[in-house]
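K.L.:
Here the numbering used here is used: the first residue of the sequence shown is 22, the next is one more, and so on. For glycine and all other residues, C-beta sits at the position ideal for the given N, C-alpha and C.
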Amino acid sequence: MNHQEYIDQLLEKFKRNACSEEELQELYNWLDAQSAAGTGYSFADDNARLLLKSRMRDAIFSKLVANPPVKTINRYRWIKFAAAAVVLIAISSVAYWLTRPKLIVVAAAPGKVEKKVLPDGSTVWLNDNSAISYYSNFSGHRTIELKQGEAFFEVKKDPAHPFTVQSNNVSTTVKGTSFSVKMIDRTGDIKVSVVTGKVLVQKLQDTLGYLVPGQRLRYNKQQGVTLIDSVQAGEANAWIQGELFLQNASLPEVIQWLQNHFKVTVQNNRSDYKGDYYLQVKRDITLEEVIRILNLLGTKDQIQFSLHNQTVFIQ
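1. DSSP three-state label for LYS321, please.
2. According to DSSP, is ILE205 helix, strand or coil?
3. State the DSSP-derived secondary structure class of HIS329, mapped to helix, strand or coil.
4. Roughly how many angstroms separate the alpha carbons of GLY319 and TYR294, rounded to a whole number?
5. Out of LYS123, LEU32, GLY132, GLU175, which has the shortest C-alpha to C-alpha gap to ALA257?
6. What does the alpha-carbon distance come out to for the pair THR198 and GLN187?
7. Taking the alpha-carbon positions, what's the LEU221 to SER214 distance?
8. Considering Cα atoms alone, identify which of SER151, GLN323, THR228, ASP179 is closest to GLY142.
9. Between the C-alpha atoms of ARG207 and ASN158, what's the straight-line distance to the nearest angstrom?
10. For THR332 versus GLN268, is the C-beta spacing smaller than 9 Å?
11. What separation, rounded to the nearest whole angstrom, lies between the Cα atoms of LYS242 and GLN169?
12. What number of angstroms, rounded off, separates the C-alpha of ILE153 from the C-alpha of VAL216?
13. Write down the C-beta distance between LYS34 and GLU47 rounded to the nearest angstrom, noting that I regard them as a contact closer than 8 Å.
14. Can you tell me whether ASN38 is helix, strand or coil according to DSSP?
15. Taking C-alpha atoms, which residue in VAL126, TRP146, ILE205, GLY245 lies nearest to LEU272?
16. Could you spell out where the beta strand (DSSP E) holding GLU135 opens and where it closes?
17. Identify which residue in SER41, LEU147, PRO140, LEU139 has its Cα closest to the Cα of ALA129.
18. What is the DSSP secondary structure of GLU256, counted as helix, strand or coil?
19. Between the Cα of LEU279 and those of LYS303, VAL311, SER292, spot the shortest distance and give me the residue it belongs to.
20. Between which two residues does the beta strand (DSSP E) harbouring ILE165 extend?
21. Assuming ASP250 and ARG237 make a contact with CB atoms under 8 Å, what is their CB distance in whole Å?
22. If we ignore side chains and look at the alpha-carbon of each, how far apart do GLY255 and TYR299 end up?
23. Pull up the distance between the alpha-carbon of HIS182 and that of GLU309, whole angstroms please.
24. Rounded to a whole number of angstroms, what is the C-alpha to C-alpha distance between SER327 and GLY263?
25. Report back the beta-carbon spacing between VAL145 and LYS137 to the nearest angstrom; my notes put them in contact at under 8 Å.
26. Please classify VAL195: is it buried, with 16 or more other beta-carbons within 10 angstroms of its beta-carbon, or exposed?
27. Using only the alpha-carbon positions, how far apart do ASP322 and ILE276 sit?
28. Do you know offhand how far ARG239's Cα is from LYS212's?
29. So what does ASP250 bridge to, in DSSP terms?
30. So, under 8 Å CB-CB, VAL252 and GLY235 are touching, yes? Tell me the CB distance rounded to an integer number of Å.
31. Quick check: what's the CA-CA separation for TYR155 versus PHE173?
32. Using DSSP bridges, identify the partner residues of LEU124.
33. What did DSSP end up calling ASN316 once you bin it into helix, strand or coil?
Okay, structure coming up:
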């Protein structure tokens, strides 16, 4: 069957309204290629040809409305799409983990002082058995968490980026200052002492106090009480030079120092006693000598320290 015979058959089917959508499209394309003077078929004029095209176009449209095309994706293509999606998700996940800020932890071993220069040029000293953490994008945020113990900071000035130390929901914020923050592990109490500059101390959104050089803030977590008083020069950072300087220290604070510095266990049988110790000693002092001094200081309150098999007992 030649092409002309095939077209004749399609025209006959068209008259009976029996053409498929594909056959109608073939006829429409064939008519579009004919001219009024074309070969094979002749039309009275272009209007006759255009009228037939219009009827075919309407027929094609009717079939499309009655049988809208449904796009299907075969199983192989679906598997390819799914595999591509898995690869894309994997690449995105890897990129996220590679580019997300990394948490950096700095710690000082018991009996040691650790010095660390931060990414913004500020310097921090960690007292023994103390730890801080911050993220690798620190220079843009300048936020540090004091996880335990005590730290002294010399903050590089950067008015556009305040420097904040978070400690047990208490935040200490400065712009260019030297100060110390101490957290008492047993009670969660916080001490902030200022050497230079000004310091803002807050508990969540509540202001606990503004401090200037020579001032100290003590926050009692259990009672929710804040006390601001004067502090003697050296208490904030004497330990960097190898000295222990405790002023108005509570018994839990003394216990923490004994545990951190001498690596001993402390059994406190006088939890009712809060303490108010003043102590200034060299870092290389022996444990036995410390116990002797503590017993002298606790005489009026009938507090007794004793040592047995690396355990300090408080009676």
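P.N.:
On the basis of the supplied data:
1. As a working note, residue 321 is residue 300 in the sequence shown. Coil.
2. Walking along the sequence shown from the start, residue 205 turns up at place 184. Coil at ILE205, not helix or strand.
3. For the purposes of this step, residue 329 is taken as residue 308 along the sequence shown, with counting starting at 1. In the structure shown, HIS329 sits in a strand (DSSP, three-state: E or B).
4. The count along the sequence shown starts at 1 and reaches residue 319 at position 298. The count along the sequence shown starts at 1 and reaches residue 294 at position 273. For GLY319 and TYR294, the distance between alpha carbons rounds to 11 Å.
5. Counting from one through the sequence shown, the residue named residue 257 turns up at place 236. Looking at the Cα atoms, GLU175 is the closest of the given residues.
6. Within the sequence shown, numbered from 1, the residue matching residue 198 stands at position 177. Within the sequence shown, numbered from 1, the residue matching residue 187 stands at position 166. Cα-Cα distance, rounded: 16 Å.
7. Within the sequence shown, residue 221 is the residue found at index 200, counting from 1. Within the sequence shown, residue 214 is the residue found at index 193, counting from 1. C-alpha separation (whole angstroms): 11 Å.
8. Mapped onto the sequence shown, residue 142 falls at position 121. Minimum Cα distance to GLY142 is reached at ASP179.
9. Here the question's residue 207 lines up with position 186 in the sequence shown. Here the question's residue 158 lines up with position 137 in the sequence shown. The alpha-carbon atoms of ARG207 and ASN158 are separated by roughly 32 Å.
10. Residue numbering aside, residue 332 sits at position 311 when the sequence shown is read from its first letter. Residue numbering aside, residue 268 sits at position 247 when the sequence shown is read from its first letter. No, Cβ-Cβ distance for THR332 and GLN268 is not below 9 Å.
11. To locate residue 242, count along the sequence shown from 1; it is residue 221. To locate residue 169, count along the sequence shown from 1; it is residue 148. Cα to Cα, LYS242 sits roughly 15 Å from GLN169.
12. Taking the sequence shown and counting its residues from 1, one reaches residue 153 at position 132. Taking the sequence shown and counting its residues from 1, one reaches residue 216 at position 195. Distance between the alpha carbons of ILE153 and VAL216 is about 20 Å.
13. Counting from one through the sequence shown, the residue named residue 34 turns up at place 13. Counting from one through the sequence shown, the residue named residue 47 turns up at place 26. Wrong, their Cβ atoms sit about 11 Å apart, outside the cutoff.
14. Numbered from its first residue, the sequence shown carries residue 38 at position 17. The answer is coil: DSSP assigns ASN38 none of H, G, I, E or B.
15. Locating residue 272 in the sequence shown gives position 251, where the first residue counts as 1. Measuring from the Cα of LEU272, the nearest candidate turns out to be ILE205.
16. For the purposes of this step, residue 135 is taken as the residue at position 114 of the sequence shown. Where GLU135 is concerned, the enclosing beta strand (DSSP E) stretches over 135–138.
17. As a first step, residue 129 is located in the sequence shown; it is residue number 108 there, counting from the start. Comparing Cα-Cα distances from ALA129 to each of SER41, LEU147, PRO140, LEU139, the minimum goes to LEU147.
18. In the sequence shown, counting from the first residue as 1, residue 256 sits at position 235. GLU256: coil per DSSP, three-state reduction.
19. By 1-based counting over the sequence shown, the position of residue 279 is 258. LEU279 has its Cα closest to that of VAL311, out of LYS303, VAL311, SER292.
20. Reading the sequence shown from its first residue, position 144 is the one you call residue 165. Start and end: 164–175.
21. Numbered from its first residue, the sequence shown carries residue 250 at position 229. Numbered from its first residue, the sequence shown carries residue 237 at position 216. Yes, ASP250 and ARG237 are in contact; Cβ-Cβ is about 6 Å, under 8 Å.
22. Position 234 of the sequence shown, counted from the start, is the residue given in the question as residue 255. Position 278 of the sequence shown, counted from the start, is the residue given in the question as residue 299. Rounded to the nearest angstrom, the two C-alpha atoms are 13 Å apart.
23. Here residue 182 refers to the residue found at position 161 of the sequence shown. Here residue 309 refers to the residue found at position 288 of the sequence shown. Between HIS182 and GLU309, the C-alpha separation is close to 47 Å.
24. Taking the first residue of the sequence shown as 1, we reach residue 327 at position 306. Taking the first residue of the sequence shown as 1, we reach residue 263 at position 242. Answer to the nearest angstrom: the Cα atoms are 25 Å apart.
25. Counting from one through the sequence shown, the residue named residue 145 turns up at place 124. Counting from one through the sequence shown, the residue named residue 137 turns up at place 116. Sure, about 5 Å apart at Cβ, within 8 Å.
26. Within the sequence shown, numbered from 1, the residue matching residue 195 stands at position 174. Counting Cβ neighbours within 10 Å, VAL195 comes out buried, since at least 16 surround it.
27. Counting from 1 along the sequence shown, the entry for residue 322 is found at position 301. Counting from 1 along the sequence shown, the entry for residue 276 is found at position 255. Whole-angstrom Cα-Cα distance: 17 Å.
28. For this step, residue 239 is matched to residue 218 along the sequence shown. For this step, residue 212 is matched to residue 191 along the sequence shown. Looking at the two C-alpha atoms, the distance is approximately 5 Å.
29. Position 229 of the sequence shown, counted from the first residue, corresponds to residue 250. Note: ASP250 sits in a beta bridge opposite ARG237.
30. For the purposes of this step, residue 252 is taken as the residue at position 231 of the sequence shown. For the purposes of this step, residue 235 is taken as the residue at position 214 of the sequence shown. Sure, about 6 Å apart at Cβ, within 8 Å.
31. Walking along the sequence shown from the start, residue 155 turns up at place 134. Walking along the sequence shown from the start, residue 173 turns up at place 152. So the alpha carbons of these two residues sit roughly 15 Å apart.
32. Taking the first residue of the sequence shown as position 1, residue 124 is located at position 103. In DSSP, LEU124 forms a bridge with TYR156.
33. Sequence index remark: in the sequence shown, residue 316 carries index 295 (1-based). Here ASN316 sits in helix by DSSP.
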